[in-house]
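Read in order, the letters of the sequence shown are residues 6 to 255 in my numbering. Some notes on the structure that comes next.
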Amino acid sequence: MRYLGGKSRLMRHIGPILQSEIDKNGICEYIEPFVGGCGSMDRIRCGRRVGLDGNPYLITFWEELLSGYVPPDCISEDEYNNYKRKIKRGDFSTDRLEAAAIGFAGIACAFSGSWYAGYSKADGRNRCAEAKRAVLKQLDKLSEVEFIYADYKKSHEYLTRRAVIYLDPPYATVPNLYQGSNIKYDPKEFWEYALFLSTLGHIVYVSEYTSPDDPRIACVWSKDVKVCAHQISTKKRVERLYKVNGVAYN
Ligand SMILES: C[S@@+](CC[C@H](N)C(=O)[O-])C[C@H]1O[C@@H](n2cnc3c(N)ncnc32)[C@H](O)[C@@H]1O
Numbered sequence: 006m007r008y009l010g011g012k013s014r015l016m017r018h019i020g021p022i023l024q025s026e027i028d029k030n031g032i033c034e035y036i037e038p039f040v041g042g043c044g045s046m047d048r049i050r051c052g053r054r055v056g057l058d059g060n061p062y063l064i065t066f067w068e069e070l071l072s073g074y075v076p077p078d079c080i081s082e083d084e085y086n087n088y089k090r091k092i093k094r095g096d097f098s099t100d101r102l103e104a105a106a107i108g109f110a111g112i113a114c115a116f117s118g119s120w121y122a123g124y125s126k127a128d129g130r131n132r133c134a135e136a137k138r139a140v141l142k143q144l145d146k147l148s149e150v151e152f153i154y155a156d157y158k159k160s161h162e163y164l165t166r167r168a169v170i171y172l173d174p175p176y177a178t179v180p181n182l183y184q185g186s187n188i189k190y191d192p193k194e195f196w197e198y199a200l201f202l203s204t205l206g207h208i209v210y211v212s213e214y215t216s217p218d219d220p221r222i223a224c225v226w227s228k229d230v231k232v233c234a235h236q237i238s239t240k241k242r243v244e245r246l247y248k249v250n251g252v253a254y255n
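Structural data, given as structure tokens:
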């Protein structure tokens, strides 16, 4: 499913790096603290896989999808706007299937897969049906993933042993881009937490454009990419993968 900032297109590069860490170190746990649209999660094979996100509707959508929820073929603009109003009122739906539909619509029908950014009706395509087909394709590769609505800073609490951790946070240049997450994200605190995770002995990787100048953070892969800034213009960026290697506490 198309998701703003999703890594599905980059996973043919990043995926093998993460997978080889899992395989060569005999790792049985893998966690993504910013799981989003599962564009990266669905490429990784590991005994236990955990995905966290600060968007409760998105997490409910993935949980329900794994339990048999089938997304609709079509969501009208009126339905989409009703869902949007519900979220604005702040009443998280206790009806799990409705919450799942809200999570799906907020991405599937939205411009650029950006959370309720505007109902996408460009070129007469049925975005909803396209997204439905895409998530049903992803489904096979997500079986038994544990989805958790939580702050990324709680990630270590969900691990039981040494893990590979892939952090794909909001870019520091646009930290408030993910309006669906109702948990604050501060890029400055982020790197401290990534270093903390590595001091616990975990194998930690981060996707970002830039990092602090710190000898414990090394860029291990990069690629020039074009990002859509507006409907009409694109900007060039360098997408980077960093390995974070803190010194363990005694
Ligand atoms: C770049 S996207 C992740 C994309 C994902 N790797 C993919 O391929 O689909 C960043 C995600 O971080 C989530 N997020 C933002 N702040 C968060 C927080 N404090 N804790 C957990 N997740 C958060 C957003 O809801 C969004 O889904």
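Beta carbons are placed, not taken as given, at the ideal position from N, Cα and C, and that holds for glycine.
query                                                                                                                                                                                             : result
Using the three-state DSSP reduction, which class does Ala122 fall into: helix, strand or coil?                                                                                                   : coil
Pick helix, strand or coil for Ser227, following the three-state DSSP scheme.                                                                                                                     : strand
For a test of the three-state rule: what should DSSP assign to Ala177, helix, strand or coil?                                                                                                     : coil
For Lys240, which option in Ile80, Val225, Gly11, Asp229 has the closest C-alpha, if you only look at C-alpha atoms?                                                                              : Asp229
Would you report the Cα separation of Glu37 and Glu82, rounded to the nearest angstrom?                                                                                                           : 32 Å
I'd like to check one pair, Tyr163 with Val55: are the Cβ atoms closer than 7 Å?                                                                                                                  : yes
Could you tell me which uninterrupted alpha helix (DSSP H) segments, each at least 4 residues in length, are contained entirely in the segment 40-127, listed from first to last along the chain? : 61-71, 82-94, 101-113
Would you say the beta carbon of Asp3 comes nearer than 6 Å to a heavy atom of ligand 1?                                                                                                          : This structure leaves residue 3 out entirely; the chain is present only between 6 and 255.
Could you compute how far the alpha carbon of Asn86 sits from the alpha carbon of Ile32?                                                                                                          : 44 Å
What does the alpha-carbon distance come out to for the pair Cys133 and Met6?                                                                                                                     : 10 Å
For Phe116, which of Ala106, Ala105, Asn131 has the nearest alpha-carbon?                                                                                                                         : Asn131
Can you tell which of Val249, Phe39, Pro220, Ile80 has the C-alpha that lies nearest to the C-alpha of Leu202?                                                                                    : Val249
According to DSSP, is Ala199 helix, strand or coil?                                                                                                                                               : helix
By DSSP, does Ala155 sit in helix, in strand, or in coil?                                                                                                                                         : coil
What residue does the alpha helix (DSSP H) around Leu141 start on, and which one ends it?                                                                                                         : 132-144
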